[in-house]
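Residue 7 in the UniProt record's numbering sits at position 7 of the sequence shown, and the numbers go up by one each step.
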Amino acid sequence: MQEKDARQKRFEELKSQAEADDEERKSAATGNAAAVTMEDFEADWNASQFWYDEGTSRALAEELVEGVGEEDHVALVSAPSVFVKLKNLMVSPSSVPDDFS
1 MQEKDARQKR FEELKSQAEA DDEERKSAAT GNAAAVTMED FEADWNASQF WYDEGTSRAL
61 AEELVEGVGE EDHVALVSAP SVFVKLKNLM VSPSSVPDDF S
């Protein structure tokens, strides 16, 4: 029973996060989005996450921006450092600093 309750709680957390992310995407479309930073992510040592250095995360994000068409979809699974770079490049390409924020 505890396992079922834990799964239900996790589902509700994920649902809430998805709804918040949807609102953020809508804000980004209208130019009201806040910058994403590495502080938005926590390392989960039980999950496979790939934390790239500054140069690699920027290079991967820039390649995605240049190589993906408007109708394409990209999933950055377990790569929060690349996600941060890509998200910020999409919002404001000229204002992304050279660190992970």
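Glycine included, each C-beta is placed from N, C-alpha and C at the ideal position.
With the rule of 3 Cβ pairs closer than 8 Å, the stretch 73–87 counts as touching the stretch 50–63.
Close CB contacts of residue 57 within its chain, under the 6 Å cut and outside five residues either way in sequence, are with 81, 82, 85 (chain order). The beta carbon of residue 35 is closer than 6 Å to those of 88 in its chain, skipping five residues each way along the sequence. Shown here for residue 52: same chain residues with a beta carbon closer than 8 Å to its own, the five before and five after excluded, namely 60, 79, 81, 82 in chain order.
DSSP places residue 55 within a helical segment (H, G or I) once states are collapsed to three.
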